[in-house]
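Chains as they are written, first to last, in our numbering: chain A, 1 to 118; chain B, 1 to 141.
No residue lacks a Cβ here, since even glycine has one placed at the ideal position from N, Cα and C.
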Amino acid sequence: MYVKKELGFFTARLKKVVKKYPLSTDYIDGIINSLKGKPTQGDIYPGFGELSVRKMRIGLPEYKIGKRKGLRLLHLSIDEKKKVAPLTIYAKKDYGSEAKVKKEVIMALQEALLELES
Amino acid sequence: MEIVKENRLQYDLWNTVERLNLRQEGLICWLKFNFIVIPRSFTLFVSAATAIKKHREFMGLCNTMCEDGKCMDSLYKSVKKTRDMYMQVIPILEEIPYRMKTLVLEMYRHSLDEWDNLAEDCLLASDPEIRSLVGKIAAAI
Chain A
1 MYVKKELGFF
11 TARLKKVVKK
21 YPLSTDYIDG
31 IINSLKGKPT
41 QGDIYPGFGE
51 LSVRKMRIGL
61 PEYKIGKRKG
71 LRLLHLSIDE
81 KKKVAPLTIY
91 AKKDYGSEAK
101 VKKEVIMALQ
111 EALLELES
Chain B
1 MEIVKENRLQ
11 YDLWNTVERL
21 NLRQEGLICW
31 LKFNFIVIPR
41 SFTLFVSAAT
51 AIKKHREFMG
61 LCNTMCEDGK
71 CMDSLYKSVK
81 KTRDMYMQVI
91 PILEEIPYRM
101 KTLVLEMYRH
111 SLDEWDNLAE
121 DCLLASDPEI
131 RSLVGKIAAA
141 I
């Protein structure tokens, strides 16, 4: 079992997403908590060495939104420390191109780092 | 449309589009659509799904060996090209006057979403800034 490290900035982003999809709050929380038991969920990003960065696609059955059009959850798991940290969550439709997604992810990671350093 | 024949999948896609000049009604167009475009689209749908699965498997294998994600950069260019071709095909398909186009369109839209998702993953994985930030976050956690 991994320990989940949820940062304040992620909670804020999660709240923002959940505000748009209030019926799916429990469902999204359940998926995020399931990372503790199974941190290998989602597609892996190569090039991170010993770290595992993965992207999960989350469908919202309450809104009849499939995985393709649903939410994206980026999470980091560190096998050595047995820790898992959700990095960011966003709705696919909010960002048109992958360049915008990249910008958003970089911003989220910078916020996370600032929070950890302070 | 810019003709790209980099790989089999892109060639098939281009070849299908070539056959899509079916905007006017008529028996020949109907036959071309039903007996060439639809079977080709099915084949393309299956080969696109296989290609994406293989790309994902490659990314999984690459993870244990790759340290800088440079391969992702070249993969991104190829994936983006294929994705852009799908984006060009869909508006052409929308103009076709036959009912069966709904099924064909759905297959193309599904493939487009999958390629788009893969392009996004390749771009994020190839970015050195993201890798450096993730490394710092992992050290701080």
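When the options are compared against residue i, the one with the closest alpha-carbon
i                     : options                      : result
residue 106 (chain B) : B:31, B:59 and B:38          : B:38
residue 113 (chain A) : A:90, A:79 and A:85          : A:85
residue 42 (chain A)  : A:49, A:50 and A:32          : A:32
residue 67 (chain A)  : B:113, B:75, B:130 and B:133 : B:113
residue 111 (chain B) : B:47, B:30 and B:26          : B:47
residue 80 (chain A)  : A:13, A:58, A:39 and A:11    : A:39
residue 63 (chain B)  : A:51, A:63 and A:61          : A:51
residue 86 (chain B)  : B:73, B:70 and B:104         : B:104
residue 46 (chain A)  : B:36, B:42 and B:58          : B:58
residue 90 (chain B)  : B:108, B:75 and B:77         : B:108
residue 104 (chain A) : B:127, B:49 and B:50         : B:127
residue 55 (chain A)  : A:118, A:61 and A:76         : A:76
residue 22 (chain A)  : A:61, A:34, A:44 and A:57    : A:61
residue 30 (chain A)  : A:59, A:7, A:53 and A:8      : A:59
Residues of its chain near residue i, where Cβ-Cβ distance is below 7 angstroms and the 5 sequence neighbours each way are ignored
i                    : result
residue 82 (chain A) : 2 and 3
residue 72 (chain B) : 122, 125 and 126
residue 65 (chain A) : 59
Close Cβ partners of residue i (< 8 angstroms) along its chain, the five nearest in sequence each way excluded
i                    : result
residue 79 (chain B) : 55, 115, 118, 119 and 122
residue 34 (chain A) : 41
Bridge partners - residue i, DSSP secondary structure assignment
i                    : result
residue 53 (chain A) : A:45 and A:76
residue 89 (chain B) : None; residue 89 (chain B) has no bridge partner.
residue 58 (chain A) : A:71
residue 4 (chain A)  : A:84
residue 91 (chain A) : A:71
residue 96 (chain B) : In DSSP, residue 96 (chain B) forms no bridge with anything.
residue 65 (chain A) : A:60
Whole-angstrom distance between residue j and residue i, CA atom to CA atom
i                     : j                     : result
residue 125 (chain B) : residue 15 (chain A)  : 26 angstroms
residue 48 (chain A)  : residue 52 (chain B)  : 21 angstroms
residue 11 (chain A)  : residue 108 (chain A) : 12 angstroms
residue 90 (chain A)  : residue 60 (chain B)  : 23 angstroms
residue 36 (chain A)  : residue 78 (chain A)  : 12 angstroms
residue 138 (chain B) : residue 13 (chain A)  : 20 angstroms
residue 44 (chain B)  : residue 141 (chain B) : 45 angstroms
residue 110 (chain A) : residue 98 (chain A)  : 18 angstroms
residue 133 (chain B) : residue 27 (chain B)  : 59 angstroms
residue 5 (chain A)   : residue 76 (chain B)  : 31 angstroms
residue 106 (chain A) : residue 130 (chain B) : 6 angstroms
residue 17 (chain A)  : residue 44 (chain A)  : 23 angstroms
residue 33 (chain B)  : residue 94 (chain B)  : 13 angstroms
residue 28 (chain A)  : residue 93 (chain A)  : 17 angstroms
residue 26 (chain A)  : residue 36 (chain B)  : 47 angstroms
residue 20 (chain A)  : residue 116 (chain A) : 27 angstroms
residue 57 (chain A)  : residue 8 (chain A)   : 22 angstroms
residue 70 (chain B)  : residue 31 (chain B)  : 46 angstroms
residue 53 (chain A)  : residue 74 (chain B)  : 20 angstroms
residue 49 (chain B)  : residue 92 (chain B)  : 22 angstroms
residue 135 (chain B) : residue 66 (chain B)  : 15 angstroms
residue 88 (chain A)  : residue 42 (chain B)  : 36 angstroms
Contacting residues, own chain, Cβ-Cβ under 6 angstroms from residue i (five flanking each side not counted)
i                     : result
residue 101 (chain A) : 95
residue 24 (chain A)  : 60 and 62
Is it a yes or a no for the segment 69-81 of chain A touching the segment 96-110 of chain B, going by three-plus beta-carbon pairs under 8 angstroms? Note that the segment 69-81 of chain A does not touch the segment 96-110 of chain B; fewer than 3 beta-carbon pairs, one per stretch, sit closer than 8 angstroms.
Residues of the segment 118-139 of chain B whose Cβ lies closer than 8 angstroms to any Cβ of chain C, in chain order: Of the chains in the structure shown, none is chain C; the protein chains are A and B.
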